[in-house]
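Undergrad:
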Amino acid sequence: MAAIGKTKLDSGWLAARSTEVSLSGIQLTTTHPPSIGTSPWMEAVVPGTVLATLVKNKVVPDPFYGLENESIIDIADSGREYYTFWFFTTFRCKLSGTQHLDLNFRAINYSADVYLNGHKTVLPKGMFRRHSLDVTDVVHPDGENLLAVLVYPPDNPGSIPPEGGQGGDHEIGKDVATQYVEGWDWICPIRDRNTGIWDEVSISVTGPVKIIDPHLVSTFFDNYKRVYLHTTTELENKSTQSAECSLNIQVTTELKGNFCLV
Amino acid sequence: EHVQTQHLSIPAGSRVHYTFPELFFYKPNLWWPNGMGKQSLYKVSITVDVKGYGESDLWGQLFGFRKIQSHIDTVTGGRLFKVNGQPIFIRGGNWILSDGLLRLSKKRYKTDIKFHADMNFNMIRCWGGGLAERPDFYHYCDIYGLLVWQEFWITGDVDGRGIPVSNPDGPLDHDLFLLCARDTVKLLRNHPSLALWVGGNEQVPPDDINTALKNDLRLHPHFEKSVNESGKSTEDLS
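Going down the list, the protein sequences come from chains C and D. My numbering applies: residue 9 is where the first sequence begins, and numbers increase by one. My numbering applies: residue 2 is where the second sequence begins, and numbers increase by one.
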């Protein structure tokens, strides 16, 4: 039985350029999982971007030294597929009968196809949104799980005019993504427009009922002597029966050391 | 006294919203910005136990009791801030992001944000051409008392005021923009350092987006009443 809670998937990731991988996502996550050392796969930076992975593996120079950025091909010249990358990892999770498992991406730029043990899910566009997939039915309860993510760049990466300028040709503004990536007066253009799994990836184990996005609000009276904490949360019952729940809230203040006051 | 248990039944396969009866605190330690007092934080833990199963899920967050108000001063046209009823002189810095390739780390956030506190700043403004900053960024702003002015992803240069003029109506997909904005608000809204959401940098978002953001970010009427009462009773009593 797996422990309730979140586990980050932030190590052991591999990456490869999509145009250099002939296998499909289903093959990568069933019969032909990649391994480090087999070209074109390299150690990946997750959370991070395609360019951060290429810099880490010294495939390209660090763009922030001297004029090195000029030697890295811009997505406008290479095309989006050049910076469309596979990211791959494995994880284990021993679920018991009534447990559920979510696969969470806190942010991806810009869209992605996720394959887990041969099952595909499309993650819709948008750099600033979370994705949470219920993967209970596709995980291997006692074996290794194979996860491959094909990450696509923003739809409108734009191109950088010879004179540069604030935000290049401004095409990136058509997407919901960070805008500095076409260059600004304080930074050179980012060649991959920050494509990648740029924030935390995690798996979370729950029982039949899941807590979602609690909201905490405080109100004040009598010159801050009388204070109330209002708490609202969303709850999801993933099971096929009605769930009789006890919902507990506890507020503690950490004192020094391991003591806490309740 | 700060422990509470409620019982509820959730139908199969459904999602429900549940609001606890409010928890009362007498003179709790308040959260203050850098230079005005301590950044007192409480640990709020929520767990759900299911009959016949046991503990089903848990959630935790550091929370600070503070009231932040701001308004445009008619005389100067500047925005005046108050924290816990006390006016505050804002000393702030611009923030774009930790690293151009998004190599973000707790260690870097902690160092950068403590640096701002050591410079005697009390606000960090997250520029609209950068990121909606991450929970780790806000965690250290909570710890070091940096209020955060967080802009959404609109800039004058790219959205209608640059050279060449481009994207006068902002991004192509307004629904996607609002979906991302709403999800970002849910991700960040419990941090005491979050002081102000701003539509964009040197530009107002397109009308439909701006109206929707203003509407979504209004204080819920339930709290409107209590804020007025507190405003009235606080002023009267103090």
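The C-beta atom is built at its ideal place from N, Cα and C for all residues, glycine as well. Given the structure is predicted, the values throughout are model-derived calculations rather than measurements.
(1) If you check the beta carbons only, do L22/C and P42/C fall under 7 Å apart?
(2) Of all Cβ atoms in chain C, is any one closer than 7 Å to the Cβ of F82/D?
(3) Suppose you measure from the CA of Q62/D to the CA of Y160/C; what does that come to, to the nearest Å?
(4) Among all the DSSP beta bridges, which residues are the ones paired with C253/C?
(5) With distance defined between alpha-carbon atoms, name the residue in F93/C, L36/C, I219/C nearest to T27/C.
(6) Figure out for me which residue from D193/C, P162/C, T260/C, E244/C has the closest Cα to the Cα of L173/D.
(7) Between L31/C, G87/C, H223/C, R100/C, which lies nearest to D150/C when the distance is taken from Cα to Cα?
(8) Count the C-beta pairs between the stretch 134 to 150 of chain D and the stretch 104 to 113 of chain D that are closer than 8 Å, then say yes if the count reaches three, no if not.
(9) How many angstroms separate the CA atom of T106/C from the CA atom of A213/D?
(10) Do you know whose CA, among S194/D, N168/D, L179/D, L180/D, lies nearest K182/C's CA?
(11) Relative to chain D, which residues along the stretch 51 to 71 of chain C have a C-beta separation below 8 Å, given in chain order?
(12) Would you list the residues sitting across from R100/C in a DSSP beta bridge?
(13) For K102/C, collect the residues of the same chain with a Cβ closer than 8 Å to its Cβ; drop the 5 residues on either side in sequence, then sort them by chain order.
(14) Scan the stretch 162 to 186 of chain D for residues whose Cβ lies nearer than 8 Å to a Cβ of chain C and list them as they occur along the chain.
(15) Under three-state DSSP, which class holds S99/D?
(16) Can you tell me which of the three DSSP states H223/D falls into?
(17) Quick one: does A10/C have its CB under 7 Å from some CB of chain D?
(18) First and last residue of the alpha helix (DSSP H) that includes C142/D?
(19) What in chain C is Cβ-close to A13/D, meaning under 7 Å?
(20) Rounding to the nearest angstrom, what Cα-Cα distance links G186/C and L255/C in this structure?
(21) May I ask which residues mark the beginning and end of the alpha helix (DSSP H) holding R138/C?
(22) Give me the chain C residues within the contact set of F138/D, using Cβ-Cβ distance strictly less than 8 Å, ordered along the chain.
(23) Does any residue of chain D bring its CB to less than 7 Å from the CB of R137/C?
(24) State the CB to CB distance for the pair G93/D and R126/D, rounded to an integer number of angstroms; the pair is presumed to be in contact (CB under 8 Å).
(25) For S119/C, which beta-bridge partners are listed by DSSP?
(26) Closest to Y54/D by C-alpha separation, out of G56/C, V147/C, H108/C, would be which residue?
(27) Are there 16 or more other CB atoms within 10 angstroms of the CB of D176/D, so buried, or fewer, so exposed?
(28) Using 8 Å for Cβ pairs, my map puts F95/C next to V147/C. What's the rounded Cβ distance?
(29) Give the C-beta separation of C181/D and F136/C to the nearest angstrom, bearing in mind that I take them to be a contact with Cβ-Cβ under 8 Å.
(30) Please classify E28/C: does DSSP put it in a helix, a strand, or coil?
(31) Enumerate in chain order the residues of its own chain whose CB-to-CB distance from S46/D is below 8 Å, with the five nearest sequence positions on each side excluded.
(32) Can you give me, in chain order, the residues of the stretch 145 to 157 of chain D that have a beta carbon less than 7 Å from any beta carbon in chain C?
(33) What whole-angstrom Cβ distance do P207/D and G163/D have, given they're in contact under 8 Å?
(34) Check whether the stretch 210 to 218 of chain C and the stretch 245 to 255 of chain C are in contact - that is, three or more C-beta pairs closer than 8 Å.
(35) Please classify M120/D as buried or exposed, where buried requires at least 16 neighbouring CB atoms within 10 angstroms.
(36) Three-state secondary structure (DSSP) at G181/C?
TA: Working from what's here:
(1) For this step, residue 22/C is matched to residue 14 along the first sequence. For this step, residue 42/C is matched to residue 34 along the first sequence. In this structure, P42/C lies closer than 7 Å to L22/C by Cβ.
(2) Taking the second sequence and counting its residues from 1, one reaches residue 82/D at position 81. Not one chain C Cβ lies under 7 Å of F82/D.
(3) Looking up residue 62/D in the second sequence gives position 61. Looking up residue 160/C in the first sequence gives position 152. Their Cα atoms are separated by approximately 33 Å.
(4) Position 245 of the first sequence, counting from 1, holds the residue named residue 253/C. In DSSP, C253/C forms a bridge with L9/D, V51/D.
(5) The residue labelled residue 27/C in the question sits at position 19 within the first sequence. Measuring from the Cα of T27/C, the nearest candidate turns out to be F93/C.
(6) By one-based count along the second sequence, residue 173/D stands at place 172. Comparing Cα-Cα distances from L173/D to each of D193/C, P162/C, T260/C, E244/C, the minimum goes to P162/C.
(7) Taking the first sequence and counting its residues from 1, the one referred to as residue 150/C is at position 142. Minimum Cα distance to D150/C is reached at R100/C.
(8) yes
(9) The residue labelled residue 106/C in the question sits at position 98 within the first sequence. The residue labelled residue 213/D in the question sits at position 212 within the second sequence. Taking the straight line from one Cα to the other gives about 40 Å.
(10) Position 174 of the first sequence, counted from the start, is the residue given in the question as residue 182/C. Out of S194/D, N168/D, L179/D, L180/D, N168/D has the C-alpha closest to the C-alpha of K182/C.
(11) V53, P55, G56, T57, L59, A60, V63, P71
(12) Here residue 100/C refers to the residue found at position 92 when the first sequence is read from its first residue. DSSP, once it has assigned bridges, lists E152/C as partnering R100/C.
(13) Indexing the first sequence from 1 puts residue 102/C at position 94. Taken in chain order, the residues that qualify are M9, A10, P149, D150.
(14) G163, I164, P165, S167, N168, G171, P172, L173, D174, L177, F178, L180, C181, A182, D184, T185
(15) Here residue 99/D refers to the residue found at position 98 when the second sequence is read from its first residue. Looking at S99/D - three-state DSSP - the assignment turns out to be coil, as it is neither helix nor strand.
(16) Walking along the second sequence from the start, residue 223/D turns up at place 222. H223/D: helix per DSSP, three-state reduction.
(17) For the purposes of this step, residue 10/C is taken as residue 2 along the first sequence, with counting starting at 1. Chain D contact via Cβ: absent.
(18) The residue you call residue 142/D lines up with position 141 of the second sequence. It spans 136 to 145 - the alpha helix (DSSP H) in which C142/D sits, taken as one unbroken run.
(19) To locate residue 13/D, count along the second sequence from 1; it is residue 12. Those within 7 Å of A13/D in chain C are N245, S247, T248, Q249, S250.
(20) The residue you call residue 186/C lines up with position 178 of the first sequence. The residue you call residue 255/C lines up with position 247 of the first sequence. Correcting the residue type first, residue 186/C is Thr in the shown sequence and not Gly. Roughly 39 Å separates the two Cα atoms.
(21) Here residue 138/C refers to the residue found at position 130 of the first sequence. Careful: R138/C lies outside any alpha helix (DSSP H) and carries neither H nor E.
(22) Indexing the second sequence from 1 puts residue 138/D at position 137. Residues of chain C passing the Cβ test: none, with the nearest at roughly 11 Å.
(23) To locate residue 137/C, count along the first sequence from 1; it is residue 129. By this cut-off, R137/C is an interface position.
(24) Your numbering for residue 93/D matches position 92 in the second sequence. Your numbering for residue 126/D matches position 125 in the second sequence. Yes, G93/D and R126/D are in contact; Cβ-Cβ is about 6 Å, under 8 Å.
(25) Looking up residue 119/C in the first sequence gives position 111. Answer by DSSP bridge pairing, in chain order: Y160/C.
(26) As a first step, residue 54/D is located in the second sequence; it is residue number 53 there, counting from the start. Comparing Cα positions, the closest option is H108/C.
(27) Looking up residue 176/D in the second sequence gives position 175. Label assigned to D176/D: exposed.
(28) In the first sequence, residue 95/C corresponds to position 87, counting from 1. In the first sequence, residue 147/C corresponds to position 139, counting from 1. About 18 Å separates the two Cβ atoms, so there is no contact after all.
(29) Counted from its first residue, the second sequence places residue 181/D at position 180. Counted from its first residue, the first sequence places residue 136/C at position 128. 4 Å between Cβ atoms; contact.
(30) As a working note, residue 28/C is residue 20 in the first sequence. Three-state result, E28/C: helix.
(31) Sequence index remark: in the second sequence, residue 46/D carries index 45 (1-based). L59, W60, G61.
(32) W154, T156
(33) Residue 207/D sits at position 206 when you count from the first residue of the second sequence. Residue 163/D sits at position 162 when you count from the first residue of the second sequence. That belief does not hold up - the Cβ atoms of P207/D and G163/D are roughly 15 Å apart, past 8 Å.
(34) yes
(35) One-based indexing of the second sequence puts residue 120/D at position 119. Classification of M120/D: exposed, given that the 10 Å Cβ count is below 16.
(36) Within the first sequence, numbered from 1, the residue matching residue 181/C stands at position 173. Three-state result, G181/C: helix.
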